[in-house]
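Presented below is the structure to which this report refers.
There are 2 protein chains.
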Amino acid sequence: MIQSLMQEVPLTLNLVRERVVRLYRDKRVATRYAKAIETATYGQIVERSGRLAAALHDLGIRPGDRVATLAWNSQRHLELYLAVPCMGAVLHTVNARLPADGIAALLAHAGDSVLFVDRSLMAALRGLNLPPGLRQIVVMNDRVADDDRTDSELELPLLGYDDLLAGANANFDWPELDERMPSGICYTSGTTGAPKGVVYSHRSTTLHTLACLFADGIAMRERDVCMPVVPMFHANAWGFPYAAFMAGASLALPCRQTDPESLAALIQASGVTMATAVPTVWLDFLQALRSGVIARDRIATLRRIPMGGAAVGEPLIAGFADFGIEVTHCWGMTEISPLGLVNVRKSALGEAAAADARSTQGLPIPCCDLRTVAATGEEVPHDGATPGELQIRSPWAADAYFDGDQPGNRSQEAAALEAFAVDGRGRRWLRTGDIATIDGHGYVRIVDRAKDLIKSGGEWISSQALEAGILEHPDVREAAVVGKPDPRWQERPVAFIALEEKGRIRNVKAVIAEVRHHLSSHFAKWQLPDEFVVVSALPKGNTGKVDKSALRKGRHANE
Amino acid sequence: MIQSLMQEVPLTLNLVRERVVRLYRDKRVATRYAKAIETATYGQIVERSGRLAAALHDLGIRPGDRVATLAWNSQRHLELYLAVPCMGAVLHTVNARLPADGIAALLAHAGDSVLFVDRSLMAALRGLNLPPGLRQIVVMNDRVADDDRTDSELELPLLGYDDLLAGANANFDWPELDERMPSGICYTSGTTGAPKGVVYSHRSTTLHTLACLFADGIAMRERDVCMPVVPMFHANAWGFPYAAFMAGASLALPCRQTDPESLAALIQASGVTMATAVPTVWLDFLQALRSGVIARDRIATLRRIPMGGAAVGEPLIAGFADFGIEVTHCWGMTEISPLGLVNVRKSALGEAAAADARSTQGLPIPCCDLRTVAATGEEVPHDGATPGELQIRSPWAADAYFDGDQPGNRSQEAAALEAFAVDGRGRRWLRTGDIATIDGHGYVRIVDRAKDLIKSGGEWISSQALEAGILEHPDVREAAVVGKPDPRWQERPVAFIALEEKGRIRNVKAVIAEVRHHLSSHFAKWQLPDEFVVVSALPKGNTGKVDKSALRKGRHANE
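As they're listed, the protein sequences go chains A and B. Each residue of the first sequence is one higher than the one before, counting from 1 in this note's numbering. Each residue of the second sequence is one higher than the one before, counting from 1001 in this note's numbering.
Here it is as structure tokens:
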């Protein structure tokens, strides 16, 4: 047996950091703080990251230690994205929308040693039982005034971020890392139970970043100015910060200002070409565009919106197309770093097939294999009709959940073990919990969360298929269908809908009748919702997704 | 220390093969044989690859064994590209332009067990001392007639390729491979000495393939129809076959028909959008376009030419731009799989800077780090002026040359060891032997092969800089400058030039005077060539590159 003779170059984020130094020092990051837009060059950010790493080293941070952030999308958060993994430590991005006790629980579970927190989020920490291992809090955004260096309620010394950098050595000696070292921790949003930790590696994150630059995918380029609106604590802002570094694209970070006017101001000021956020953000934005609240010429540079986080309806795609902006449907999850599918048009598709395909979640990006599996464990055919559970195999997919700072640290809980499957060849697959069909071209259509299927009379009803049908009505703004317990059928579907303004003005009853009529041409009678409840807005969870459990419990605002 | 918890999915070409099966079965490969164009779908090719792997297994081929090809660019060669590495064996693509004894030497050095040979190349094998380890020859292109199953001169049984497939099991069980297993062997062309073997791994080839799809690089897409004219025995046809599989692009393979009319016919028949070959092929093609021998509308689909293998002159770039075809200057070498640099325009460049940058070899693709190093071993500044030896560090760069089928198989020869360097951090770099400058934006300009620098009076003269200057004259078609031994100055530059037809008609002496005048405004007097020799064409080596050693020995055809 002969040996291959190629260089052993580990796939680590230091390749990305060094690339920025060599090629992209002049590219820019703009952050829209509450009062002003601040900009810095990548050269400055890399230099500051070096100081940050040196300061963290002085605070005792060593390879493998966890450093937490509780922060919105900002330049300083970006500096932590570079410094912490590249020095061998692990970046734990805590969801700032969690309740305060949830935050404390995650800091303890991850075993964080240092916490970086936005000044605007400090209030959430007061009165909490912070874990004993947390030995330092660093406050971001502003310099801390001298009389504010301790916080009696927190009983921890406070440092100001810029003070920390000002005192640090500028010549940090970045270590050589192994590609399988952990680089980051992100917890799932916990909409389906307690948050579960995913531990990324340098290898997984570097490969995922390279895949984000795939020409038939996100295709980020040096000429792009990229605005990730999705939070940097949510699955690494869908990988966009690292992708921007590798591609040399400039970044525009909206901090927490995600209303249409704030986003338009940032797009205009920075020349944003590509932006990403969940559909609810874009629904508001599109309405502001249509109503003229935001003039199209203010956002003339915006060309592409890779959109995910929830199903993207055809009206949203068509609505942006009217303004010359291409919406690309994407799909992923925290467990897969998060990108798995991107909807690009295959060259063989005719117009009708292409129109049908573009509302699917898309095609797998390279090195991301997937299959759909029946309850029997058998793969189902790729016929565009047979649903099965979507399972993923990829170098950037999770193999286990995190059991906290234990030796081995793989969660052995029954719930966690059920999230992974093994095929006949002994290969491991992530069970996504999504029910999908795959058509002959490879387009994946998520038809439901496994737990969101409505079981009626021994049959399944797809809540997502009903929602998609309801959303085809031009006066419907949002829709969610949930199962209501039923003594005879076990469950029966109930639809909750929020209307566009003109729908409310016109005649709510007429709109519902039209929706019902439209559905009846696509669904069997027994599949149709028993009730239509009109609400002012659907309740959202802390990641902006519709909170179906709230709907099931009747927690919604009727119109 | 916590562990990362991501899936262990090895980076092997089976990921590429499985992707083709899942997504791209309907894409097509067209091969232009001497008499006709044959087409097949990717689905058929993968199915035939499975049969091929089963047949090779029946012939005794096991993981690590070497399987050689002596073949032009064809569908069957492509099937070998899939079958051999994906079954764990090692594909040795032998340069069909080598002299016959050179071929035999490489078959012996690599320890090949089976050889696949194009029928048109069989003649080269007769009368050779084939190595004893070679136990089977398979003839490609045609079915072997019954009376042709042995070849008395070869004393080896012959098999026909399609007979081999017809008798093979269709359900080959592809093995799970380790990503560091060898996948292929390619020998350098040996223009600078004996051919040196490079042993690629599944990891290096898979990562290189992913990098070929980089949006700011080759950016191959599913909608593309890609025509690699560069031979599949030459650095994996620059990685285009595997890239086409991963991207789902269709392929058009010209076999050995690389004259303008043959290429135009294939472009027209297959709708080629992207093609790649060395500049000499494109010089002929451009002339045929200009003269109207090839009508532009026959090749209307052709949009992009990633071009490399030799410096690409500005007139060639501008010439194709006149026809709406974008030439992208690329750079690589067998030792780096082979892609390292792609010339894309950075957004910050003004028109003048962009014009200057586009004749450079370009910017490094992701995960390909580079530096320029002085004779002292120190890195030189990236100022666009200070030359240094270009060195590469990448997961797809060679770490050693191949010592044949020995344990360890790393060549320990002094010449081979000098091809690699170690930096102060213990990291290994490939020494390219090219002298380059890097400017502040990161653009790399190869100014010379180290061995092509002309040493005159203790100073260096860059032959490539002189060649680039000479090529700026519109009547000059090709140029090469070599050092002529000189008793006083050690060496003095001599320029060999081939003229465009209109230059020959006009007045050869006037053209030379104009060239000399032009050079004198950019070079010191002592740097100017002592002589200008007009030739009908420059001599080429077996990869189409200018053979400077032939020029030094006076082997050229004067006009």
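Cβ coordinates follow ideal geometry from the N, Cα and C atoms, glycine included. All of these numbers come straight from a predicted model, not from anything done at the bench.
Measuring only the C-alpha atoms, how far is residue i from residue j?
i	j	result
A55/A	L164/A	6 Å
L251/A	P99/A	29 Å
T1437/B	Y1081/B	36 Å
L107/A	C86/A	21 Å
I325/A	P254/A	20 Å
I137/A	L159/A	6 Å
L115/A	K346/A	46 Å
D475/A	S113/A	51 Å
A1264/B	A1071/B	22 Å
E1500/B	A1465/B	20 Å
E418/A	A400/A	10 Å
N1507/B	A1237/B	40 Å
P10/A	G1102/B	36 Å
A1537/B	F1496/B	9 Å
N409/A	L177/A	20 Å
E354/A	H473/A	A small correction: the amino acid at residue 354/A is Ala; Glu does not occupy that position in the sequence shown. Going from the Cα of A354/A to the Cα of H473/A covers about 21 Å.
D147/A	A124/A	Residue placement at D147/A cannot be trusted, given a pLDDT of 49 that sits under 50; the coordinates are not used to answer.
A1275/B	A1318/B	17 Å
I955/B	L1471/B	With chain B covering 1001 to 1559 only, the question about residue 955/B has no answer from this structure.
When DSSP labels each residue in this structure, what does residue i get in the three-state scheme?
i	result
V494/A	strand
F245/A	helix
L363/A	strand
W72/A	coil
S1270/B	helix
D1147/B	In this predicted model, D1147/B has a pLDDT of only 49, less than 50, meaning its place in the structure is not dependable enough to derive any value.
L158/A	strand
L572/A	Given that chain A is displayed from residue 1 to residue 559, the structure contains no residue 572/A and the question cannot be resolved.
E222/A	coil
L1283/B	helix
Y24/A	coil
A1036/B	coil
D322/A	coil
Q527/A	helix
Could you tell me which chain A residues have their CB closer than 7 Å to the CB of residue i, listed as they occur along the chain?
i	result
K1346/B	E222
R1180/B	S4
Can you name, in chain order, every residue of its own chain whose Cβ lies under 7 Å from the Cβ of residue i, other than the five neighbours on each side?
i	result
G248/A	L23, Y24, K27, E222
Q1391/B	L1370, R1371, V1373, A1421, W1429, L1430, R1431, T1432
D1216/B	V1344
D1530/B	R1492, P1493, V1494
Leaving aside the five residues before and after residue i along the sequence, list all residues of the same chain whose C-beta is less than 6 Å from its C-beta, in chain order.
i	result
T188/A	P195, K196, T334
N95/A	F233
I461/A	I454, P493, Q527
R1084/B	The sequence given here places Val at residue 1084/B; Arg does not occur at that position. So the list reads V1067, L1091, once near-sequence residues are dropped.
I446/A	Q361, D434, A436
D439/A	G384
P407/A	none
Anything in chain B within Cβ reach of residue i, meaning under 7 Å, just list it in chain order.
i	result
D26/A	A1348
E176/A	R1425
In chain A, what lies closer than 9 Å to residue i by C-beta?
i	result
D1369/B	V9, L15, E18, R19, R22
V1199/B	I2, Q3, S4, L5, M6
S1204/B	S4, M6, Q7
For residue i, verify whether its CB is less than 8 Å away from any heavy atom of the ligand MN.
i	result
H92/A	Absent from the structure shown: the ligand MN. Ligands present: none.
Near residue i, which residues of its chain fall below 8 Å by C-beta distance, leaving aside the five closest residues on each side in sequence?
i	result
W1489/B	S1456, G1457
P364/A	G340, L341, L370, G442, V444
Name, please, each residue of chain B whose Cβ falls closer than 8 Å to the Cβ of residue i.
i	result
S394/A	Q1007, V1009
Against residue i, what residues of chain B qualify as contacts under a CB-to-CB distance less than 9 Å, listed in chain order?
i	result
R410/A	Q1003, L1005
Q. Which ranges does the alpha helix (DSSP H) cover as unbroken runs of at least 4 residues, wholly within the region 1336-1423 of chain B, from first to last along the chain?
A. Correct list: 1351-1357, 1414-1417.
Q | alpha helix (DSSP H) segments (min. 4 residues) lying fully within the region 1078-1132 of chain B | A | Runs of the alpha helix (DSSP H) inside the region 1078-1132 of chain B: 1100-1110.
Q) At which residue ranges does the region 166-233 of chain A contain complete beta strand (DSSP E) runs of 3 or more residues, listed in the order of the chain? A) The DSSP assignment places 182-187, 197-201, 225-228 as complete runs of the beta strand (DSSP E) inside the region 166-233 of chain A, in order along the chain (cut-off: 3 residues).
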